[in-house]
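Quick note, the sequences are listed as chains X and R, same order. Letter by letter, the first sequence follows residues 100 to 486 in the working numbering. Letter by letter, the second sequence follows residues 8 to 617 in the working numbering. Ideal Cβ positions, reconstructed from N, Cα and C, are used throughout, including at glycine. See structure below.
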Amino acid sequence: MKIKVGVFFGGKSTEHEVSVISGIQAAHSLDKEKYEAVPVYVTKQGTFYTGAELLDITEYKDMEALLHKATPVAIIRDQEQNKVFLYKYPFGLFKKPLAYLDVILPVMHGNLGENGAFQGFFEVLDIPYAECGVLPSAVGMDKVITKYVLRSAGIPVIDWYSFYGHDWLTDETRLIEEMEEQIGYPLIVKPATGGSSIGISIVHNRQELKDGVELARSMAEKIIVEKLVQNIKEVNCSVLGDSEDAEASVCEEPVSSKDILSFDDKYSNNSTKGMSGAKRKIPADISAEMAGVIQDLSRIVFNLLGCKGVIRIDYIIDQDTNQVYLNELNTIPGSLAFYLWENSELTYAGLLDQLLTMAIRHHQKANALTYSYENNLFNSGIQGFKK
Amino acid sequence: MNLPRYGIVNGTVIQYDIKMYLWKVKLTEVKRLFGQIIFVAALLAGLSFLVFKLNYHFHMLQLNSYMNGRYLLWLRRNPGKAFRLADFLPLFFLLPFVLRLPAVDAESAGILPVVLYAAFGAASLGLILLREKTKAKKQFKYTARVKRLFTAAAFLCLLLLGVLWQLRAEPFLFLLLVGFLPPFAPGLVFLSNILLIPVEKAINYYYYRDAQKKLQAMPRLKVIGITGSYGKTSTKHIVQKILSQKYNVLMTPGSYNTTMGVILTIRQSLSPLHDFFITEMGAKKPGDITEICQLVKPAYGILTSIGPQHLETFQTLENVQKTKFELIRALPPAGFAVVNGDDALIAEGMERYGNKELRYISYGIAEGEIAGAGATADASVGAAADAEEPCGTAKTAPAEKRAQQVQFSAKKIRYSENGTEFTVVRREAGEEQEYSFRTGLLGQHNLYNILAGISLAFTLGMDYKAIYAGVKDLTPIEHRLQIKRQHDYVLIDDAYNANPVGTRMALEVLRLISGNKKILITPGMIELGSQEYELNKAFARQAAEVCDYILLVGEKRTQPLQDGLREANYPPEKYTVVKDIFTAFAHLEKIREKNDVVLIENDLTDDYNE
């Protein structure tokens, strides 16, 4: 009897395609002896589909034909059987489940899949799921909240200014003045939520700032503006584990021709390999001391937020001052950051096995599977039982 | 209606009184109908009483594990509860029919038969309503099996009624039959149970095959078997807690320790997510453990202790010993057995019944290591024991005498109100390693159980930090020396299945724990065979030394205890005999004071109520 792994990918997100690639990659990398992948593809509209054809990347060229072949499903928990089932939806005459899931591997990037919403759904389904829980996912997805939390814990982050899109409509002038006064150009403008680099712009003057905010405003409700680090080096580090034990990976250095790593750099070079296909230097071109600092910081942040599974933390080094800043948290990193672990004798299959084992154990721990007899004898006896 | 108005009687033409005639016809019809309704009502009332009686006896059968033999034993032990003279009361009203008194003759058509039917029905209903409702401690569960039993009983009753029908028997005979059945409900219970034997066998076989198939589909799953006369349930929980620090573990719930219990757990709860399946293996007769082992095929086994339990079915201690070793013999050479090295019967049994190719891991407590409350067994232990963090240190100190040969031995044991602190010495390949532990559990027997868990976990390769965390996280099991702090006194709940060793340990804990008065509530021990009287008397003598007040539950059953207390010259004003556990609690409320410590030792199920 193999462990049925519901591999969730796709989703209502700007990183939908990346997620599809990562998800299919993960499903094919599972240890076939121990696990059986049950694909659950979430369309851009949010409908769930299952079917073997969803694990073939070439099928996605003709989305309409693919969705015709695949089966739309409803995900339902059967309390009596203590199991989560996939039912064909709309229900047929005979409601027979298509499959059941033992554990879930969410490979969804950005928005709902990574911000705790799906994690909350899995909690309600009461099924073990890999990767971070609701809280670290939610904190990590909102760049403003990330900064508030990390700064209060003494983790270095770049100074920021944040506001809501609707404030911009009413208070544009005041906001611009405050930004210029408190931070000053050049600035970097980002949507506060959303994992990829889409919607990010570097601005040097008031006009560019206005354009940048307009762009970011269309992607998220909240906008974050930071001081641009001029002589920048970007370094990423992955952490694997849970609150009991966590390990930091080697550091990587993404390579980019432009100022910042754009979406095209990240994902378009080799569209079938996802994040693992992007250009990078492993290990990063930094001193051993700096790498040590980054790895320590990564473990601390991982523990602080109560993460589980594998995450990737992105740092910015100001090469003029040699100061390192934590830039971004990815609670479900592209390709699950497996390429950062390959050097430490951990295969992708091995990494997935660890993630799923951890998920199951944490779920069991949370539910504290102890069975005991209900006996009210002593309660009633103590109150003076009358016969 | 076209009735003749004239007729010829004895050659004379007479005129009928039509009105009178019609009225008479009607009256007879009404009377007959009324009689029929009362008859049917009486029949239904009688049947209700039968169902009521069957319900009670099926409950008792369930408490006796559906075993006719054990149920028979219960009947013989409790004739007063099983057979009641009052149950014959409804039959009394049928006596005139049986004696064929003219007043109830069918021809006479008097009102008396109807009155008697009504009395029969009323008596049956009255017996249901007036029967005292005792609160069941182990509720009757209406399982599928119970439903099958009721169906079988209904079938038997219908068969008997059908025979009467075929014989065109007189109406009162139906009532007679229905009235006779309730007093003999045990017979009906027996027959139903026997009738279902082939059905139950077929069902069980299906479940067995299903569980077996499920296990075969999980080659990665490792099964741990736990058996022993005492401590297996506690050990199971401890092993589960320790292993859960690193693995996904399933265990048989509660005291499910029979093949059917194991099958139920496998079918309901086992999933490919589990790394380990801990199976508690109970035995009431030789071969029971082999049967469970054939199903689950354990890789590792724990043998906690061997002692005089269930002697009624085992007859001799040697049979117990042999049966417990069935687990050891079922283990594969690649596995290992964890055994209590301090148990003389285990040590002896190893020679006779052991498995030569198997790896044995033994554990024990170093001699003279049990210290009193707060006292330090070894002055040098202070610093190590006070450290909050786990600290394992390599040491090659000479080991204590008896614990020399065991691989895991506990020493430096200290009891306090917070629990137990101890050090485990691990001997492996001539080297000794020491590890300190602390736990909230109390009592020497718990320490043994924890040692079994620690030995298994270390041998499986778990690291010390995880094992330490698991041991620290242990909480008492329901009704097993479980401390339940009440608002101004302490209750130690040790209600589950007392035995001679367990009761001694519990009294030791009662002695060690700080508090005002030490109060004991107990019905004594059962199922100890020929030694039952002596062991209970010894228990009373031990209790006399520790307790400031004793509540004995059950006048007859606690006779050995009462004798023991008298022999120990225990002051009569310091103990009371009460009817049941509920009365005991009511009495406790009268005598207890602030900071008293109350120990509940054993709490028998309903079928032992007096």
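- A distance below 6 Å between beta-carbons, with the five flanking residues on each side excluded, links PHE437(X) to the following residues of its chain, in chain order: TYR447 and LEU450.
- For ARG460(X), at least one C-beta of chain R is nearer than 7 Å to its own C-beta.
- A Cβ-Cβ separation of about 5 Å places GLN328(R) in contact with GLY356(R) under the 8 Å criterion.
- Here MET278(X) is buried, its C-beta having at least 16 other C-beta atoms within 10 Å.
- The C-alpha of PHE162(R) lies about 15 Å from the C-alpha of ILE204(R).
- Taking 7 Å as the CB threshold, ASP344(X) stays off the interface with chain R.
- For ASP201(X) and LEU51(R), the gap between their C-alpha atoms comes out near 52 Å.
- The segment 307-317 of chain X and the segment 404-412 of chain X do not touch, with fewer than 3 CB-CB distances between them shorter than 8 Å.
- At a C-beta separation below 9 Å, LEU163(R) has no neighbours in chain X, since its nearest C-beta there lies roughly 34 Å away.
- Ranked by Cα distance from LYS160(X), the first of ILE120(X), SER112(X) and LYS289(X) is ILE120(X).
- At least one beta carbon of chain R lies nearer than 7 Å to the beta carbon of ASP201(X).
- Within the model, the alpha-carbon separation for ARG274(R) versus ALA464(R) is close to 27 Å.
- Taking 7 Å as the cut-off, the beta carbon of GLY308(R) is found no closer than this to the beta carbon of LEU277(R).
- An exposed status is given to ALA465(X), since fewer than 16 other beta-carbon atoms sit within 10 Å of its beta-carbon.
- Between the alpha carbons of TYR577(R) and ALA551(R) lies a gap of roughly 6 Å.
- About 19 Å separates the Cβ atoms of MET225(R) and PRO260(R), ruling out a contact at the 8 Å cut-off.
- With at least 16 other beta carbons inside 10 angstroms of its own, LEU249(X) counts as buried.
- LYS544(R) and VAL560(R) have their C-alpha atoms spaced approximately 15 Å apart.
- The residue among PHE589(R), ASP555(R), ARG216(R) and GLN538(R) with its C-alpha nearest the C-alpha of PRO567(R) is GLN538(R).
- With distances taken between CA atoms, ILE431(X) lies nearest to ASN210(X) out of THR146(X), GLU158(X) and ASN210(X).
- DSSP places GLY232(R) inside the beta strand (DSSP E), whose first and last residues are 229-234.
- Those residues of the segment 265-293 of chain R placed with their C-beta closer than 7 Å to a C-beta in chain X are SER278, PRO279 and LEU280, ordered along the chain.
- GLY194(R) is classed as exposed because its beta carbon has fewer than 16 other beta carbons within 10 Å across all chains shown.
- ILE323(X) is a Cβ neighbour of ALA291(X), given a cutoff of 7 Å.
- In this structure, the straight-line span from the alpha carbon of GLN173(R) to that of PHE181(R) is close to 12 Å.
- The three-state secondary structure of LYS491(R), taken from DSSP, is strand.
- With respect to the 7 Å criterion, GLY405(X) and PRO235(X) are classified as neighbours on the basis of their beta carbons.
- For the segment 225-244 of chain R, the residues whose beta carbon sits under 8 Å from a beta carbon of chain X are, in order, MET225, ARG227 and HIS244.
- Residue environment: GLN124(X) is assigned as buried (16 or more neighbouring CB atoms within 10 Å of its CB, all protein chains considered).
- In the structure shown, ARG250(X) falls within a helical segment according to DSSP collapsed to helix, strand and coil.
- Per DSSP, reduced to three states, the secondary structure at GLU177(R) is coil, with no helix or strand assignment.
- Assignment of LYS479(R) by DSSP, reduced to helix, strand and coil, places it in the helix class.
- Looking at the DSSP output, THR286(R) shares a beta bridge with GLY232(R).
- A Cβ of chain R is located within less than 7 Å of the beta carbon of GLN463(X).
- A Cβ-Cβ distance of about 6 Å is found for the pair PRO305(R) and ILE231(R), placing them in contact under the 8 Å criterion.
- Inter-residue distance for PRO138(X) and GLU287(R) is about 38 Å (C-alpha atoms, whole angstroms).
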